[in-house]
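Chemist: Residue numbers (the numbering used here): 10 to 243. Glycine included, each C-beta is placed from N, C-alpha and C at the ideal position. Predicted model, so just to flag it, every value in this text is computed and none were measured. Would you mind keeping the following structure in view while I ask a few things?
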Amino acid sequence: MAKSIFKSDVALKSTTVFEQNGGTFVTPPKNMIQKLSQIHCFVFDWDGVFNDGRKSKETSSNFAEQDAMSLHIIRYAYWKIHGKLPIIAIITGADNETAYSFAKREHLTLVIAGFKDKFESIEILKKEHTLGTNNIATIFDDIIDYPLAVSSALRFLVKRSASPLFLEYFKNNKLCDYITYSEQPNYPVREIAELVVGMMGNFDEMLISRFRDKETYKKFWELRQSVETKIIKC
10 MAKSIFKSDV ALKSTTVFEQ NGGTFVTPPK NMIQKLSQIH CFVFDWDGVF NDGRKSKETS
70 SNFAEQDAMS LHIIRYAYWK IHGKLPIIAI ITGADNETAY SFAKREHLTL VIAGFKDKFE
130 SIEILKKEHT LGTNNIATIF DDIIDYPLAV SSALRFLVKR SASPLFLEYF KNNKLCDYIT
190 YSEQPNYPVR EIAELVVGMM GNFDEMLISR FRDKETYKKF WELRQSVETK IIKC
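If you want it as structure tokens, here you go:
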């Protein structure tokens, strides 16, 4: 496995906070940090990750502003290390106008929607951006997301206490690397984002740089705003 490009002492220390709060490291943090150094794409499921999955005829699913900030800090921290933006993709089995609106507002890279078999979605993503499995991290919450788990190198599972057998199966079969302690609606995306940036080893630098190094942040912001979101529907 490739050597991590991150500050390993800072990165490892940051992971202890998540373990103390109840997060489950299925894969040892040191190994996760090594995997993260090869990640260039973060793939998010939508329902059950950004929201609790509830819908009705009158309303679509929703999102929280805290989760918008979550993606923002991943992108800024990654950019400060790699000098380029990571690929941020949403994969959803539904035709979801809220997901499209959110992605466009946040200038995310890509939304792939409507494919009931997520193996198709992940293959589209890989071809679209010439990605290997070792370059992809996935964030998901349910059985239908199995294709994401087996098609990526770094896997974050959003906890749901009502699914104990599902959680145990994914944990015992090593289909995830980390299980959150936060459940919806308590911002599991934010937990994952802070863990990711913590494992990069530059959370403190990322946080204060936004306010003390305004020229650097301006360059990042202009690059972020230049991203035109692509939407691929089944």
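Three-state secondary structure (DSSP) at N195?
Modeler: Coil.
Chemist: From S191 to V167, what distance separates their C-alpha atoms?
Modeler: One C-alpha to the other measures close to 7 Å.
Chemist: Which residue comes first and which comes last in the beta strand (DSSP E) that contains T189?
Modeler: T189 -> no beta strand (DSSP E), and no H or E assigned at all.
Chemist: Check M10 in the structure and name its three-state DSSP category.
Modeler: Because the pLDDT of M10 is 39, which lies under 50, any placement of that residue in the model is unreliable, and the question is left without a value.
Chemist: Between the Cα of H49 and the Cα atoms of E28, T147, G123, T36, which residue gives the shortest distance?
Modeler: Comparing Cα positions, the closest option is T147.
Chemist: Please work out which residues of its chain come closer than 7 Å, Cβ to Cβ, to K183, disregarding the five sequence neighbours upstream and downstream, and give them in chain order.
Modeler: Cβ within range, chain order: V35.
Chemist: Taking only runs that begin and end inside the stretch 125-156, name each unbroken beta strand (DSSP E) of 3 or more residues, in chain order.
Modeler: List check, beta strand (DSSP E) in window: 145-149.
Chemist: Please classify T139: is it buried, with 16 or more other beta-carbons within 10 angstroms of its beta-carbon, or exposed?
Modeler: Per the 10 Å Cβ criterion, exposed.
Chemist: Give me, in chain order, the residues of the same chain whose beta-carbon lies closer than 7 Å to that of T225; leave out the 5 immediate sequence neighbours on both sides.
Modeler: These residues qualify, in order along the chain: S218.
Chemist: Any beta carbon from chain B within less than 8 Å of K183's own beta carbon?
Modeler: In the displayed structure, chain B is absent; only one protein chain is listed.
Chemist: Quick one: Cα of E231 to Cα of C185, how far?
Modeler: The straight-line gap from Cα to Cα measures roughly 34 Å.
Chemist: Check R84 in the structure and name its three-state DSSP category.
Modeler: Correct three-state label for R84: helix.
Chemist: In the DSSP assignment, what are the bridge partners of K239?
Modeler: K239 pairs with L119.
Chemist: Could you tell me if V26 is buried or exposed, where buried requires 16 or more neighbouring beta carbons within 10 angstroms of its beta carbon?
Modeler: It counts as exposed.
Chemist: Using DSSP bridges, identify the partner residues of T101.
Modeler: Paired residue(s): A122.
Chemist: Go ahead and pull the three-state DSSP assignment for L21.
Modeler: In the structure shown, L21 sits in a helix (DSSP, three-state: H, G or I).
Chemist: Let me know the secondary structure DSSP gives V52 once reduced to three states.
Modeler: Strand at V52.
Chemist: Which runs of the alpha helix (DSSP H) spanning at least 4 residues fall entirely within the stretch 152-182, listed in chain order?
Modeler: Segments of the alpha helix (DSSP H) lying fully in the stretch 152-182: 155-159, 173-181.
Chemist: Please report the straight-line C-alpha distance between S172 and G210, rounded to a whole angstrom.
Modeler: Each residue's Cα considered, the two are about 32 Å apart.
Chemist: Less than 8 Å between C-beta atoms, sequence neighbours within five positions excluded: which residues of the same chain meet that for A162?
Modeler: Cβ within range, chain order: K44, Q47, I48, T142, N143, N144, I145, A146.
Chemist: Identify which residue in V120, W88, N40 has its Cα closest to the Cα of T238.
Modeler: Comparing Cα positions, the closest option is V120.
Chemist: Where do the N-terminal and C-terminal ends of the alpha helix (DSSP H) with L45 fall, by residue?
Modeler: Residues 38-45.
Chemist: For F179, count neighbouring C-beta atoms within 10 Å of its own C-beta (all shown protein chains included) and say buried if the count is 16 or more, exposed if not.
Modeler: When all chains shown are included, F179 counts as buried.
Chemist: What is the C-beta distance between T118 and I96, in whole angstroms, given that I count them as a contact (C-beta under 8 Å)?
Modeler: Yes, they are in contact, since the Cβ atoms of T118 and I96 sit about 5 Å apart, within 8 Å.
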